[in-house]
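Heads up: the protein sequence lines correspond to chains R and C, in order. Residues in the first sequence are numbered consecutively from 1, following the UniProt record's numbering. Residues in the second sequence are numbered consecutively from 1, following the UniProt record's numbering. The beta carbon of each residue, even a glycine, is placed where N, CA and C say it ideally should be. Worksheet: the structure to be examined is printed underneath.
Protein chains: 2
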Amino acid sequence: MPSGPRGGSAIDAAIDERTAVGFVAICRADDPLGRYLTGRDLGVDVVYVRVAGETHLRVPSTVDVPEVPNASVRVDDRPAGQAAAAILADHAPDGTVLAPRTIPHDTALHLESAGYELSSTTAVRDARAIKDTEEIDAIEGVQRAAKRGITAAAVILADAHVEDETLVWGDAPLSTERIRRQVNATLAVEGVDSVGATTVTTGTRGGRDAAVELVPGEPIVVSVSPRGPAGYRGALARTFVVDADGGWERRAHVACDAARDVSLVEANAGADAGFVGSEIRAETAAFGFSMNDEVTRDVGGGIGLAAREAPQLDGDTELVEGNVVRVRAAISHADNGRVELTDVLVVGEDGPRMLGDAPTGLDPSRWSE
Amino acid sequence: MPSGPRGGSAIDAAIDERTAVGFVAICRADDPLGRYLTGRDLGVDVVYVRVAGETHLRVPSTVDVPEVPNASVRVDDRPAGQAAAAILADHAPDGTVLAPRTIPHDTALHLESAGYELSSTTAVRDARAIKDTEEIDAIEGVQRAAKRGITAAAVILADAHVEDETLVWGDAPLSTERIRRQVNATLAVEGVDSVGATTVTTGTRGGRDAAVELVPGEPIVVSVSPRGPAGYRGALARTFVVDADGGWERRAHVACDAARDVSLVEANAGADAGFVGSEIRAETAAFGFSMNDEVTRDVGGGIGLAAREAPQLDGDTELVEGNVVRVRAAISHADNGRVELTDVLVVGEDGPRMLGDAPTGLDPSRWSE
Numbered sequence: 001m002p003s004g005p006r007g008g009s010a011i012d013a014a015i016d017e018r019t020a021v022g023f024v025a026i027c028r029a030d031d032p033l034g035r036y037l038t039g040r041d042l043g044v045d046v047v048y049v050r051v052a053g054e055t056h057l058r059v060p061s062t063v064d065v066p067e068v069p070n071a072s073v074r075v076d077d078r079p080a081g082q083a084a085a086a087i088l089a090d091h092a093p094d095g096t097v098l099a100p101r102t103i104p105h106d107t108a109l110h111l112e113s114a115g116y117e118l119s120s121t122t123a124v125r126d127a128r129a130i131k132d133t134e135e136i137d138a139i140e141g142v143q144r145a146a147k148r149g150i151t152a153a154a155v156i157l158a159d160a161h162v163e164d165e166t167l168v169w170g171d172a173p174l175s176t177e178r179i180r181r182q183v184n185a186t187l188a189v190e191g192v193d194s195v196g197a198t199t200v201t202t203g204t205r206g207g208r209d210a211a212v213e214l215v216p217g218e219p220i221v222v223s224v225s226p227r228g229p230a231g232y233r234g235a236l237a238r239t240f241v242v243d244a245d246g247g248w249e250r251r252a253h254v255a256c257d258a259a260r261d262v263s264l265v266e267a268n269a270g271a272d273a274g275f276v277g278s279e280i281r282a283e284t285a286a287f288g289f290s291m292n293d294e295v296t297r298d299v300g301g302g303i304g305l306a307a308r309e310a311p312q313l314d315g316d317t318e319l320v321e322g323n324v325v326r327v328r329a330a331i332s333h334a335d336n337g338r339v340e341l342t343d344v345l346v347v348g349e350d351g352p353r354m355l356g357d358a359p360t361g362l363d364p365s366r367w368s369e
Numbered sequence: 001m002p003s004g005p006r007g008g009s010a011i012d013a014a015i016d017e018r019t020a021v022g023f024v025a026i027c028r029a030d031d032p033l034g035r036y037l038t039g040r041d042l043g044v045d046v047v048y049v050r051v052a053g054e055t056h057l058r059v060p061s062t063v064d065v066p067e068v069p070n071a072s073v074r075v076d077d078r079p080a081g082q083a084a085a086a087i088l089a090d091h092a093p094d095g096t097v098l099a100p101r102t103i104p105h106d107t108a109l110h111l112e113s114a115g116y117e118l119s120s121t122t123a124v125r126d127a128r129a130i131k132d133t134e135e136i137d138a139i140e141g142v143q144r145a146a147k148r149g150i151t152a153a154a155v156i157l158a159d160a161h162v163e164d165e166t167l168v169w170g171d172a173p174l175s176t177e178r179i180r181r182q183v184n185a186t187l188a189v190e191g192v193d194s195v196g197a198t199t200v201t202t203g204t205r206g207g208r209d210a211a212v213e214l215v216p217g218e219p220i221v222v223s224v225s226p227r228g229p230a231g232y233r234g235a236l237a238r239t240f241v242v243d244a245d246g247g248w249e250r251r252a253h254v255a256c257d258a259a260r261d262v263s264l265v266e267a268n269a270g271a272d273a274g275f276v277g278s279e280i281r282a283e284t285a286a287f288g289f290s291m292n293d294e295v296t297r298d299v300g301g302g303i304g305l306a307a308r309e310a311p312q313l314d315g316d317t318e319l320v321e322g323n324v325v326r327v328r329a330a331i332s333h334a335d336n337g338r339v340e341l342t343d344v345l346v347v348g349e350d351g352p353r354m355l356g357d358a359p360t361g362l363d364p365s366r367w368s369e
């Protein structure tokens, strides 16, 4: 399991390069930034200050002080910017302080009024985009659990039977919500958290928040993005159809599968990330779907401690070894519904590699564990 | 289920009162702010602008545009502050724009360079602190699911037997991690998400992230804070001991139970929130525990879409009807371990009321559903 703080050396290098005094970030309890920078799930809002090669954390007096190795943790009830300035002042009375450009405005103003000049840095974002072996292993572990979650859905669908044009499982009609709960129970037993990210949607009648009864012939998309014990996210989506009639949904599924294959050809170190995204969309559309109306615009992007992080699959970023990327091919149609395939790949020395080995089949009875 | 946008009228009132042009907030995908302001789980970062009584949302072109009733949703790839300024400019070329004081610094700077003066408002934070009936019902539903999750742990512990001074369940030693997974599976089947907030810790040997084998006589704390289908969080923690010897842990448990009762006496509308927090700590300490070293400093605070939100149980905030508050009594000792009881109560017209009805007993075999 990835442990210990990360990003410190990247921050120190940025401080050196910019002749800055230090670095300040606000880690909110629900933002994985704190986990990345300290190696711990802090569970509370903390002020993070890096100065002279050391990490200082400040928490309010209303929480229990977390134990964080390799960091000085103290209580300070002043506003975050003032608490940070007090630490910086031990080393330099003024100078440039680096911070993410999204640092809260009030924190920035407090630092400025304490005499520091603020300058934005992408050092942490850039460091997070390149995963080490421990991090890749952690994400691969989550992907294996994600596969078992999706497998639970496939087993239920394979086990369901048709009565009066609806799917029945056990003694009751099968709904998206019943499947969602079973998928989440499987994820829990596998030791990963569903974090509200599991969705089961169907055809044109289903929503993210609604329980919809399932019918044969309509595509059912099962999507999970669980968080593993070390905080890293996975992402896996598969589409199933019970009693497919072989029409639109098969063609859409072939297109998504082809787009998935394209990601495994194109996502190489040195490739332009925006080009990879365009290629995924273009391949999906090549099977006769409208690029504007039917093919998803969200073809994925970096994944790690956050479900969405750098690199984005647009713009002119260059993919590098260690990037871990969610790749997503999806097609929606007002009458026929939606088909989606989502996976996670790592940009490796020898090209891209899918993490986990989930099959892609549309028929749940042929899904193999 | 709570649905539809909230906070719009509070924002409009603040805009009127401050003679401002509009209100801007950045809703990140992992922050429940967007869910509150739009009534939807957006799943992506959005720029929220309220102007002339209407809601405008801006998303980047790399995501699928979410459907949000009662809001104009458009794609805009400019930085958030520029996208917001473009909407504001349709109504006023300059003037005061309200924003939460934690708005990202770069967004604030972009708004300022577009000609607007930024002024902070607590309108949304204050509105979120007062829950309506739908919201209270949602939290109560999550608390019922939380109780079933804790019940799963009690059932396992009541079913475990002692072999060679360790607890055994089924064919294998019982660890904190085995219980955690079963608790999370129960939460999943109940339709709520564990969101990484379930912890099972024991004695002096367990950590948040480690699997520790359980032994008789040592207190085991099971803590959950699940998220329900409408996004609202619950919070429930109970302490169990198998084969208690009746010493430290019983005294600590009586103290926590008494402190819990104090919250039900003191958390009335009009009471000082900081005083309620102090009383919880004082009552815990009254059973012979050290206020500085043993009694927790985290005695709770507001809960809703976020696990921690207003009101805090410190400072001189006044509790008002509709506040929903996590109350927590906990005692730690270097040799004896930790005991904790956490619940959620609502400040009602007729005084505080616990949400859910989880018993507090220390003996898992006497835990009643």
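Exposure of residue i, with buried meaning 16 or more beta-carbon neighbours within 10 Å
| i | result |
| --- | --- |
| Val161(R) | Correcting the residue type first, residue 161(R) is His in the shown sequence and not Val. Under this definition His161(R) is an exposed residue. |
| Val47(R) | buried |
| Arg123(R) | The residue asked about is misnamed: residue 123(R) is Ala in this sequence, not Arg. Buried: at least 16 other Cβ atoms inside 10 Å. |
| Asp164(C) | exposed |
| Gly7(C) | buried |
| Asn323(R) | buried |
| Val51(R) | buried |
| Arg366(C) | exposed |
| Arg74(C) | exposed |
| Asp159(R) | exposed |
| Gly234(C) | buried |
| Val215(C) | buried |
| Pro359(R) | exposed |
DSSP three-state assignment for residue i, whether helix, strand or coil
| i | result |
| --- | --- |
| Ile139(C) | helix |
| Ile150(C) | helix |
| Trp248(R) | helix |
| Pro104(R) | strand |
| Ala25(C) | strand |
| Thr96(C) | strand |
| Ala259(C) | helix |
| Thr55(C) | strand |
| Glu294(C) | coil |
| Tyr36(C) | helix |
| Ile303(C) | coil |
| Asp159(C) | helix |
| Ser194(C) | coil |
| Leu341(C) | strand |
| Ala348(R) | Reading off the sequence shown, one finds Gly at residue 348(R), where the question assumed Ala. Gly348(R) falls in the strand class under three-state DSSP. |
| Glu117(C) | strand |
Whole-angstrom C-beta distance between residue j and residue i, which should lie under 8 angstroms
| i | j | result |
| --- | --- | --- |
| residue 401(R) | Asp298(C) | Since the displayed chain R opens at 1 and closes at 369, residue 401(R) lies outside it and no answer follows. |
| Gly217(R) | Asp257(R) | Contact flag wrong, Cβ pair sits at about 20 angstroms. |
| Ala129(C) | Glu309(C) | 7 angstroms |
| Thr102(C) | Asp77(R) | Thr102(C) to Asp77(R), Cβ: 17 angstroms. No contact. |
| Val344(C) | Ile303(C) | 6 angstroms |
| Val320(R) | Val276(R) | Wrong, their Cβ atoms sit about 13 angstroms apart, outside the cutoff. |
| Ser3(R) | Gly39(R) | 5 angstroms |
Close beta carbons around residue i, own chain, < 8 angstroms, minus the five adjacent residues each side
| i | result |
| --- | --- |
| Val183(R) | Gly149, Ile150, Ala152, Ala153, Ser194, Thr198, Val200, Val222, Val224 |
| Ala188(C) | Ser194 |
Same chain, Cβ closer than 6 angstroms to residue i, neighbours up to 5 away in sequence not counted
| i | result |
| --- | --- |
| Ile213(C) | Inspection of the sequence shows that residue 213(C) is occupied by Glu rather than by Ile. Answer for Glu213(C): Thr166, Pro173, Ser175, listed in chain order. |
| Thr82(C) | Going by the sequence as given, residue 82(C) is Gln instead of Thr. Contacts found: His110. |
| Arg260(C) | Ala329, Leu341 |
| Ala252(R) | Ile331, Val339 |
| Lys131(C) | Gly322, Val324 |
| Gln312(C) | Gly301 |
7 angstroms CB neighbourhood of residue i in its chain, flanking five on each side removed
| i | result |
| --- | --- |
| Gly53(R) | Asp12 |
| Gln143(R) | Gly234, Leu236, Val344, Leu355, Gly356 |
Proximal residues of chain D, C-beta to C-beta of residue i below 9 angstroms
| i | result |
| --- | --- |
| Thr239(C) | No chain D is present in this structure, whose protein chains are R and C. |
Interface positions of the segment 103-123 of chain R facing chain C (Cβ-Cβ less than 8 angstroms), listed along the chain:
Listed in sequence order: Ile103, Pro104, His105, Asp106, Thr107, Ala108, Leu118, Ser120.
Below 7 angstroms between beta carbons is the criterion; list the residues of the segment 188-219 of chain R that meet it against any residue of chain C, in chain order.
Those residues of the segment 188-219 of chain R that come within reach of chain C (Cβ to Cβ, closer than 7 angstroms) are Ala188, Val189, Gly191, Asp193, Ser194, Val195, Gly196, Arg208, Asp209.
Along the segment 310-327 of chain R, where does the CB come closer than 8 angstroms to a CB of chain C? Name the residues.
Going along the segment 310-327 of chain R in chain order, one finds Gln312, Leu313, Asp314 with a Cβ nearer than 8 angstroms to chain C.
Any C-beta of chain R within less than 7 angstroms: which residues of the segment 52-71 of chain C qualify?
Taking 7 angstroms as the Cβ-Cβ cut-off against chain R, the residues of the segment 52-71 of chain C that qualify are Ser61, Thr62, Val63, Asp64.
What are the residues in the segment 331-359 of chain R lying within 9 angstroms of chain C by C-beta distance?
Correct list: Ser332.
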